[in-house]
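See structure below.
Residue numbers (the numbering used here): 2 to 146.
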């Protein structure tokens with residue numbers, strides 16, 4: 002199970018909220034020139050993320066896929082989930098009903114991992130017992146839990 006945000010040395014990841022292609026380009030350039038390091042050791046993976054509904058023209062999805070940028074899409078419903086999966090994001094972020102989305106990911110053999118956005122460590126066990134690919138703490142996405 003992927004657990005992002007419980008400890009700096011476990012899946013060290015920095016999520017960068019992105020709203021336009023210029024932000025994706027900047028993230029890509031900075032990652033190539035100056036890879037981020039974790040203050041506690043090792044490299045810090047940088048993942049661009051955005052809400053699927055904010056990418057109505059699918060510009061961000063298309064650019065990230067075409068340029069091999071590690072990215073995550075937060076989805077609100079099954080249609081967004083399945084549509085977003087086409088672009089092969091590293092992660093599909095869900096706020097609720099993670100089992101529904103995990104079942105779809107398993108049924109359709111999606112390459113993307115399903116991460117449930119959680120507010121605290123007490124939710125890890127519940128997600129683990131449901132067979133969810135992983136969790137990410139809301140504070141890493143700059144979200145209120």
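Using N, Cα and C, we set each Cβ at its ideal position, and we do this for glycine too.
Secondary structure of residue i, DSSP reduced to three states
| i | result |
| --- | --- |
| residue 19 | coil |
| residue 47 | strand |
| residue 55 | helix |
| residue 85 | helix |
| residue 100 | helix |
| residue 26 | helix |
| residue 92 | strand |
| residue 10 | coil |
| residue 105 | helix |
| residue 111 | coil |
| residue 125 | helix |
| residue 146 | With a pLDDT of 44 at residue 146, under the threshold of 50, the modelled position of this residue cannot be trusted; read the value that follows with caution. Residue 146: coil per DSSP, three-state reduction. |
Beta-carbon proximity check, residue i vs residue j, cutoff 8 angstroms
| i | j | result |
| --- | --- | --- |
| residue 61 | residue 19 | yes |
| residue 116 | residue 130 | no |
| residue 136 | residue 48 | no |
| residue 11 | residue 134 | no |
| residue 81 | residue 51 | no |
Residues near residue i in its chain [Cβ-Cβ closer than 6 angstroms; skip 5 each side]
| i | result |
| --- | --- |
| residue 33 | none |
| residue 102 | 82, 95, 115 |
| residue 141 | 6, 16 |
Beta-carbon proximity list for residue i, same chain, < 7 angstroms, skipping 5 on both sides
| i | result |
| --- | --- |
| residue 26 | none |
| residue 96 | 118 |
| residue 59 | none |
| residue 143 | 18 |
| residue 55 | 20 |
| residue 132 | 103 |
beta-carbon residue i near the ligand MN non-hydrogen atom, thresh 7 angstroms
| i | result |
| --- | --- |
| residue 119 | In the structure on display, the ligand MN does not appear, and there are no ligands present to speak of. |
Spatial neighbours of residue i in its chain, beta-carbon cut-off 8 angstroms, leaving aside the 5 residues before and after
| i | result |
| --- | --- |
| residue 28 | 17, 19, 47, 49, 70 |
| residue 63 | 88 |
| residue 128 | 2, 99, 117, 119, 135, 136 |
Contact belief for residue i with residue j at Cβ below 8 angstroms, rounded distance in angstroms
| i | j | result |
| --- | --- | --- |
| residue 91 | residue 114 | 7 angstroms |
| residue 122 | residue 7 | 6 angstroms |
| residue 85 | residue 79 | Actually they are not in contact, since the Cβ atoms of residue 85 and residue 79 sit about 11 angstroms apart, beyond 8 angstroms. |
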